[in-house]
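Take a look at the structure below.
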Amino acid sequence: VAKSGGKNRVRVFERGMREEVAAQDELVRDLRRAVDGGELRLLYQPQVDLRTGAVTGVEALVRWQSPGRGLVEPSGFLPAAEATGIVDAIDDWVIGEACAQLRSWDAAGLPELRMAVNVSPRRLATGDLAASLAAAARATGVDPGRLEIEVPEAVAAGPDAAAGIREVRALGVHVAIDDFGTGSSSLARLRELPLDRLKIDPSSVALLAEGAAGGSLARAVVALGDSLDLEVVAEGVEQPGQLAALRALGCGAAQGHLLGSPAPAADVACLVRTGRPLVGAA
Ligand code: C2E
Ligand code: MG
Ligand code: MG
Ligand code: MG
Numbered sequence: 502v503a504k505s506g507g508k509n510r511v512r513v514f515e516r517g518m519r520e521e522v523a524a525q526d527e528l529v530r531d532l533r534r535a536v537d538g539g540e541l542r543l544l545y546q547p548q549v550d551l552r553t554g555a556v557t558g559v560e561a562l563v564r565w566q567s568p569g570r571g572l573v574e575p576s577g578f579l580p581a582a583e584a585t586g587i588v589d590a591i592d593d594w595v596i597g598e599a600c601a602q603l604r605s606w607d608a609a610g611l612p613e614l615r616m617a618v619n620v621s622p623r624r625l626a627t628g629d630l631a632a633s634l635a636a637a638a639r640a641t642g643v644d645p646g647r648l649e650i651e652v653p654e655a656v657a658a659g660p661d662a663a664a665g666i667r668e669v670r671a672l673g674v675h676v677a678i679d680d681f682g683t684g685s686s687s688l689a690r691l692r693e694l695p696l697d698r699l700k701i702d703p704s705s706v707a708l709l710a711e712g713a714a715g716g717s718l719a720r721a722v723v724a725l726g727d728s729l730d731l732e733v734v735a736e737g738v739e740q741p742g743q744l745a746a747l748r749a750l751g752c753g754a755a756q757g758h759l760l761g762s763p764a765p766a767a768d769v770a771c772l773v774r775t776g777r778p779l780v781g782a783a
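Under UniProt numbering, the letters of the sequence shown match residues 502 to 783, in that order.
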């Protein structure tokens with residue numbers, strides 16, 4: 502009995518595996534059609550200068566509006582895209598769309614915003630990220646100095662990112678370290694890279710709500726930014742107390758639900774234009 506029970510468990514396990522593989526194949530098949538089929542969307546999250554309260558830029562965040570699956574978050578398709586290489590086409594689309602959006606906002610008379618885009622780790626390593634950025638900037642007439650790529654700390658600390666980062670920076674595109682405080686990059690390594698900004702991870706920002714001791718991580722990142730001459734952007738700001746604490750620490754910029762959730766381009770334009778009072782802004 503124990504033995505046949507074991508066999509059954511193996512069969513159930515195998516069926517589960519087959520179903521998972523089939524579902525993954527289907528995801529990849531749908532995803533291949535998504536880019537050319539015009540199913541990707543960008544949302545834009547405002548980035549606020551904490552000294553002035555003004556929205557000075559946005560971060561582009563990709564979504565997949567799938568006919569069959571509904572609106573899919575990055576965590577639902579980027580891992581498969583990364584594993585299959587489809588992410589290269591996604592990155593190119595994001596970069597092109599983000600540049601085109603900057604030009605539409607310019608044409609609509611908005612103040613010149615900066616645009617941060619997230620790029621896949623493999624794109625930095627394969628070496629043609631700079632070419633993609635240069636092509637999109639040229640095609641749209643966007644000054645590369647208005648663009649920023651976000652590189653997760655864990656990727657920036659690895660051996661394959663440095664050359665790509667230098668190429669991108671040489672174009673005049675800015676470089677931010679994303680999710681800073683979650684990796685283990687050495688100070689020596691950071692100093693070797695041509696960086697512009699450090700983004701404090703939401704997990705460190707969340708600790709700010711927990712009183713003086715909780716602020717030590719965020720405080721350390723702001724101090725590090727000062728000493729390396731990098732602007733610090735806090736990510737995931739949700740509470741007024743966190744915003745006040747970040748200001749008191751001298752953090753330069755912030756984004757988060759409190760200041761504006763990721764939103765379609767038209768909503769961002771409205772926010773920038775009406776200057777909707779941002780909570781706690783100076
Ligand atoms: P990330 O670059 O660190 O993006 C920040 C994430 O925090 C976003 O999730 C954003 O929606 C979310 N967020 C915004 N405000 C708050 C807040 O107040 N509190 C908290 N807890 N979270 C907040 P999202 O859009 O699901 O993106 C997840 C990740 O997917 C991104 O992390 C980035 O690594 C990746 N990603 C997003 N868009 C792209 C893209 O266009 N290309 C590539 N290659 N990766 C992307
Ligand atoms: Mg999300
Ligand atoms: Mg990011
Ligand atoms: Mg982040």
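Don't be surprised by glycine CBs; every beta carbon is placed ideally from N, CA and C.
- The criterion of a C-beta distance shorter than 8 Å is satisfied by Leu750 and Val723.
- Residues close to ligand 3 by the beta carbon criterion (under 7 Å to any non-hydrogen atom) are, from first to last along the chain, Glu560, Ala617, Asn619, Glu651, Asp679 and Lys700.
- For Asn619, the beta-bridge partners assigned by DSSP are Glu651.
- In the DSSP assignment, Gln740 falls outside any alpha helix (DSSP H), carrying neither H nor E.
- Between Glu654 and Asp679, the CB-CB gap stays under 8 Å.
- With fewer than 16 other Cβ atoms inside 10 Å of its own Cβ, Leu572 counts as exposed.
- Judged by beta-carbon spacing, Asp702 lies within the 8 Å limit of Glu736, meaning their Cβ atoms are closer than that value.
- In the three-state DSSP reduction, Ser567 falls in the strand class (E or B).
- Assigned with DSSP and collapsed to three states, Gly506 falls in helix.
- Counting C-beta atoms within 10 angstroms of its own C-beta, Met616 has 16 or more neighbours from the protein chains shown and is therefore classed as buried.
- By the CB criterion at 8 Å, Val734 and Gly753 fall inside the cutoff.
- Beta bridge pairing from DSSP links Ala561 with Tyr545 and Val618.
- The beta-bridge partner set that DSSP reports for His675 consists of Glu649.
- Setting aside the 5 residues that flank it on each side, Arg670 is surrounded in the same chain by Val676 and Pro695, each with a C-beta closer than 6 Å to its C-beta; the list follows chain order.
- Leu725: not part of any beta strand (DSSP E); member of the alpha helix (DSSP H) spanning Ser717 to Leu729, first to last residue.
- Ranked by Cα distance from Glu668, the first of Ser633, Val656, Leu731 and Asp531 is Ser633.
- In terms of side-chain proximity, the C-beta atom of Asp702 is found nearer than 7 Å to a non-hydrogen atom of ligand 4.
- When distances are taken from the beta-carbon of Glu654 to the heavy atoms of ligand 4, even the shortest one reaches 7 Å or more.
- Between Ser567 and Phe578, the alpha-carbon positions lie close to 11 Å from each other.
- Between the alpha carbons of Glu732 and Asn509 lies a gap of roughly 58 Å.
- With contacts defined as CB atoms closer than 8 Å, Val536 and Ala755 fail to qualify as a contacting pair.
- A Cβ-Cβ contact shorter than 8 Å links Gly726 with Leu699.
- In the pairwise beta carbon analysis, the region 582-591 is classified as not touching the region 638-647: fewer than three pairs are separated by under 8 Å.
- Non-local beta-carbon contacts of Val773 in its own chain, meaning distances under 6 Å to residues more than five positions away in sequence, involve Val556 and Leu611 in chain order.
- By the CB criterion at 8 Å, Leu543 and Ala561 fall inside the cutoff.
- Residue state for Val734 is assigned as strand, using DSSP reduced to three classes.
- Looking at the DSSP output, Ile701 bridges to Phe681 and Ala735.
- DSSP places Ala770 in the uninterrupted alpha helix (DSSP H) bounded by Ala766 to Thr775.
- Distance from the Cα of Phe681 is smallest, within the candidate group Gly673, Val656 and Asp661, for Val656.
- With 16 or more other CB atoms across the displayed protein chains lying within 10 angstroms of its CB, Val674 is buried.
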